[in-house]
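**Q** One structure, pasted below without further comment.
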Amino acid sequence: MTHRNDLERHLGQLLDVARFKDYGPNGLQVEGREQIGTLVCGVTASLGLIEAAIAAKADAILVHHGLFWRGQDGRVTGWMKQRLARLLAHDINLYAYHLPLDAHAELGNNAQLGRLLGWQGESRFGEQDLGWLGSLPQACSLTELAAQIGSTLGRTPVLAPGDGRALRRVAWCTGGAQGYFEAAIAAGADVFVTGEISEPQAHYAAETGVAFIAAGHHATERYGVQAVAHQLAAEFGIRQQFIDIANPA
Ligand SMILES: [Zn+2]
Numbered sequence: 012m013t014h015r016n017d018l019e020r021h022l023g024q025l026l027d028v029a030r031f032k033d034y035g036p037n038g039l040q041v042e043g044r045e046q047i048g049t050l051v052c053g054v055t056a057s058l059g060l061i062e063a064a065i066a067a068k069a070d071a072i073l074v075h076h077g078l079f080w081r082g083q084d085g086r087v088t089g090w091m092k093q094r095l096a097r098l099l100a101h102d103i104n105l106y107a108y109h110l111p112l113d114a115h116a117e118l119g120n121n122a123q124l125g126r127l128l129g130w131q132g133e134s135r136f137g138e139q140d141l142g143w144l145g146s147l148p149q150a151c152s153l154t155e156l157a158a159q160i161g162s163t164l165g166r167t168p169v170l171a172p173g174d175g176r177a178l179r180r181v182a183w184c185t186g187g188a189q190g191y192f193e194a195a196i197a198a199g200a201d202v203f204v205t206g207e208i209s210e211p212q213a214h215y216a217a218e219t220g221v222a223f224i225a226a227g228h229h230a231t232e233r234y235g236v237q238a239v240a241h242q243l244a245a246e247f248g249i250r251q252q253f254i255d256i257a258n259p260a
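So the sequence shown is numbered by our numbering: it starts at 12 and just counts up by one.
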């Protein structure tokens with residue numbers, strides 16, 4: 012058992028929250044009961060995850076994508092009302108950590124994705140140093156790399172081929188980091204892996220020769236929150252469980 016404020020303080024230090032300029036508030040987003048013994052973690056604070064957490068008798072939910080983002084209109088209507096109503100009715104705390112959870116050197120989404128795929132991060136690039144750059148364990152083709160990523164993440168990636176060179180230097184950034192592609196090219200990558208692709212990246216790949224792999228926003232961001240929840244369970248002696256709410260994106 013731990014107190015909700017102790018958990019927030021610990022997470023704030025662990026993830027170095029104060030260092031980031033983010034698109035939404037990091038930390039306790041919805042206040043629930045004071046004592047936490049059971050934690051559910053997941054990628055997004057969707058209604059599906061909230062319902063699953065209620066069924067699991069969770070005292071708290073830890074997510075990468077919380078409820079509140081810059082630019083929302085702020086009204087508690089529709090889906091926002093439904094999600095908040097379920098959390099409040101069950102007195103469940105909601106903790107959300109966005110960029111700090113991407114960036115953590117060992118527990119973060121990028122670190123964990125690299126570990127899962129056998130990539131060693133050697134340096135960082137891009138805005139707020141969120142992108143990772145490293146070497147593949149051995150040079151391979153785009154088809155081979157995409158097959159490994161697809162089988163590991165359980166989702167077929169979308170590919171934008173480059174010039175067909177053997178891939179040695181990989182740059183990666185989980186989630187919706189397609190805007191980091193040009194920084195990855197400038198950093199010397201042969202291939203850039205992120206969650207999503209937008210229209211311009213296919214042209215940049217063809218014109219610069221650097222391949223682009225969109226491996227899934229959800230699929231690439233399942234791992235940081237699990238590593239953090241595992242650490243919290245050891246630190247505070249609480250139960251924790253990851254619940255995957257499937258998402259084709
Ligand atoms: Zn994301």
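A virtual CB, placed ideally from N, CA and C, is assigned to each residue, including glycine. Keep in mind it's a predicted model, so treat the numbers as computed, not measured.
Can you tell me whether Val28 is helix, strand or coil according to DSSP?
**A** It is helical.
**Q** Using C-beta distances below 7 angstroms, list every residue in its chain close to Ala150, excluding the 5 sequence neighbours before and after it, in chain order.
**A** Ala177, Leu178 and Arg179, listed in sequence order.
**Q** Does the count of Cβ pairs from the segment 20-40 and the segment 62-79 closer than 8 angstroms reach three?
**A** Touching, yes.
**Q** Report yes if the C-beta of Glu42 is less than 7 angstroms from at least one heavy atom of ligand 1; otherwise report no.
**A** No, ligand 1 has no heavy atom inside 7 angstroms of this Cβ.
**Q** Less than 7 angstroms between C-beta atoms, sequence neighbours within five positions excluded: which residues of the same chain meet that for Gly23?
**A** So the qualifying residues of the chain are Gly38.
**Q** Does Thr231 pass the burial test, meaning 16 or more other C-beta atoms within 10 Å, or should it be called exposed?
**A** Result: buried.
**Q** Take Leu26 and list the residues in its own chain whose beta-carbon comes closer than 7 angstroms to its own, dropping the five residues that flank it on each side.
**A** Counting only Cβ-Cβ distances below 7 angstroms, and skipping sequence neighbours, we find Tyr108, Pro111, Leu112 and His115.
**Q** Kindly list the residues whose CB is nearer than 7 angstroms to the CB of Gly48, restricted to its own chain and excluding five residues on each side of it in sequence; keep chain order.
**A** Taken in chain order, the residues that qualify are Met12, Asp70, Ile249 and Arg250.
**Q** Under 8 angstroms, do Ala188 and Leu144 count as touching if we go by C-beta distance?
**A** Their beta carbons are not under 8 angstroms apart, which means Ala188 does not touch Leu144 by this criterion.
**Q** Determine the closest residue to Gly220 out of His228, Ala200 and Glu207, with distance taken between C-alpha atoms.
**A** With distances taken between Cα atoms, Gly220 lies closest to Ala200.
**Q** Under the assumption that Ile208 contacts Ala171 (Cβ atoms under 8 angstroms), give the Cβ distance between them as a whole number of angstroms.
**A** Indeed, because the Cβ distance is near 6 angstroms, the residues count as touching under 8 angstroms.
**Q** Could you please give the first and the last residue of the uninterrupted beta strand (DSSP E) stretch that includes Leu39?
**A** That run of the beta strand (DSSP E) goes Gly38 to Val41.
**Q** Please list, in chain order, all residues of the same chain as Val51 whose beta carbon is under 6 angstroms from its beta carbon, the five residues on each side excluded.
**A** Contacts found: Ala64, Ala67, Ala69, Ile72, Gln252 and Ile254.
**Q** Measuring only the C-alpha atoms, how far is Ala244 from Cys184?
**A** Those two C-alpha atoms are separated by around 27 angstroms.
**Q** Per DSSP, Ile47 is paired with what?
**A** Partner(s): Thr13.
**Q** Span of the alpha helix (DSSP H) holding Ser162?
**A** Ser162 -> alpha helix (DSSP H) spans Leu153 to Leu164.
**Q** Can you check whether the CB of Gly186 is closer than 8 angstroms to the CB of Thr205?
**A** Result yes, Cβ atoms of Thr205 and Gly186 sit closer than 8 angstroms.
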